[in-house]
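Have a look at the structure below, then the notes.
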Amino acid sequence: TTNCGARVQFITDAKVAEIFAELEKFGVRHDDPFLRNITYRAQDGRFCVIDFEFAQIIDQEAEPTAASDQSPANIAHRLAWSGVTDVGKFRPNNEDHFLAMLLDQQGIRYLGKTGEASLEACDFIFAVSDGMGGARSGEFASRIAVEKITLQLPKQFGLVEERFSAYSHEIISELFTSIHADMLKLVRFDINCLDMGATLTLAWFRRGRVYFGHIGDSRLYYLPAGGSMEQITEDHSHVGWLRRTGQINERQQRTHPRKNVLAQALGAGHRYLNPQMGSFTYQPGDQFVLCSDGVTDGLWDHAIQDIVRQPTEGDNRSTAERLVASAVSESGRDNATAVVVSAL
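With my numbering, the residue at position 333 of the sequence shown is 349, and numbering never jumps.
Structure, rendered in C-alpha cells:
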C-alpha cells in the first residue's frame, strides 16, 4: 500500500538489525530481516517494515511484547534538559528563540536553561525557532512562534491519553496554522513584516511518548540509548530533499549554495503549509537534540552525537552550551541555538 513509504536504498547492517530487533518488542519476529523489507515514510520520519508473509507471533510468556516493555524499568520517570542560544560571530541580533516549558494541572511553568524534573503528572514541551526577515522582524517572528505555543497548547493538557494520541496531529497542525496566520496578518499592518517568517521544531514529552511537529530547517535528532543518532525531522528545502533521496551527501548539503532556501516556513509569504508531525516512544537513556541551522552549519552529525554522548572531563558547561559553543567556534556565521533533553 502507499502508506508504507519508499524503499530504502542503503542503511548500515547495524541499523537494519536494530529495526528488526525493535519490531520484536511488539510481539512479532520477521523471518526475512533484510534491507529489501524496510521502507522510509517521510511524513513522520519513520522506518517501516513490510512483507510479513513468514513472520511469527512471539510467545508472550517467553519474550516481552510492547505491553511488558512498558515495565517500570523501561519507563522514564524524569527528564533533564539544557538550552542555550548564541548570536554568533557576525549577526547584529539574535533571531533564534527556544522554549522549555512544563505543563501540569496548575498551568504552565517556564523552565530554566538547565534542570531536571519528574515526569509524574506533568508534560514537557521544548521548541526551537529560527526567525527570518528584514530589520528585526526575524527576531519578532521566532518570538511569536514560541509565545503562541504557551498560549495554545496548555489547553490540551487535560485530554485523556487515548483522545490526545488520536488527535495529536490535529492539535499540532492547528498550532502551526495559527502561527502562520498571525504572521501573514501582520504583513497587512506593517510593511516591515513583509518577509517575516520562522522555522519551528517542537517536541512534546507526554506519558512515555514524544510528539513532534516541524517546519523549516531547524532539526530534531534522536539518540537512542542503544543505537546511532537519527535525524527525525526533514529539512524543508530542495537541498534537503536531495540529501534524503541520496543524490548528495552531508558534505555536499553543507556546502550547497541554496542550502538555506526554504520550501516551507511559517509566514514568509508561503501560501500553504504541510508541517511534519509524528510520535514515538522513548526509554531511560534516550536523548534528544533540537537545534537551529546555526548549529548544523558548524557541526557535522557525528560531532553532534559525540558532544552529546561524551561529556568532557572537567568541563562544567551544560551539553547545550558545549554544542552551541563548538558550532560558533567552527562557523559562527549564524545564530546558534540548541536544546538537549535526556530521559532518566
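Where a beta carbon is used, it is the ideal one built from N, C-alpha and C, also for glycine.
- For Q269, DSSP records no beta bridge to any residue.
- For a cut-off of 8 Å, the C-beta gap from G229 to M293 is around 5 Å, short enough to register as a contact.
- In this structure, the CA atom of G232 is about 8 Å from the CA atom of E250.
- For A96, the secondary structure class from DSSP, reduced to helix, strand or coil, is strand.
- Rounded to whole angstroms, F36 and P49 show a C-alpha spacing of 6 Å.
- Note that the C-beta distance between E111 and E178 is not below 8 Å.
- Rounded to whole angstroms, the Cβ separation of L95 and F192 is 24 Å, and the two are not in contact under 8 Å.
- When the alpha-carbon of G128 is set against those of E136, N265 and I141, the nearest one is in I141.
- Between the segment 325-339 and the segment 99-106, the count of Cβ pairs shorter than 8 Å is three or higher; the stretches touch.
- Residue burial is scored here from C-beta neighbours: A343 has at least 16 other C-beta atoms within 10 angstroms and is therefore classed as buried.
- Counting the other Cβ atoms within 10 Å of the Cβ of R259 gives 16 or more, which makes it buried.
- CA-CA distance, Y288 to S345, rounds to 37 Å.
- Membership of D120 in any alpha helix (DSSP H) is not indicated; the residue belongs instead to the beta strand (DSSP E) covering D112 to D120.
- Only residues of its own chain outside the window of five on either side were considered, and among them I141 and L191 have a CB closer than 7 Å to the CB of L169, listed in chain order.
- Closest by C-alpha distance to L135, out of W316, A241, R152 and M117, is M117.
- In chain order, R45 place their CB closer than 6 Å to the CB of Q72, counting only its own chain and leaving out the 5 sequence neighbours on each side.
- Rounded to whole angstroms, the separation of the alpha carbons of Q268 and K171 is 43 Å.
- Residues D350 and N351 of the same chain have their beta carbon placed closer than 7 Å to that of R107, with the five preceding and five following residues left out of the count.
- Under the Cβ criterion (8 Å, minimum of three pairs), the segment 194-207 counts as touching the segment 273-291.
- Excluding sequence positions up to five before and after W257, its CB lies less than 6 Å from no other CB in the same chain.
- Cβ contact annotation for G61 (same chain, cutoff 7 Å, sequence separation greater than five): I248, T249, E250, Q292 and G294, in chain order.
- Annotation: D67 to L51 spans about 12 Å, alpha carbon to alpha carbon.
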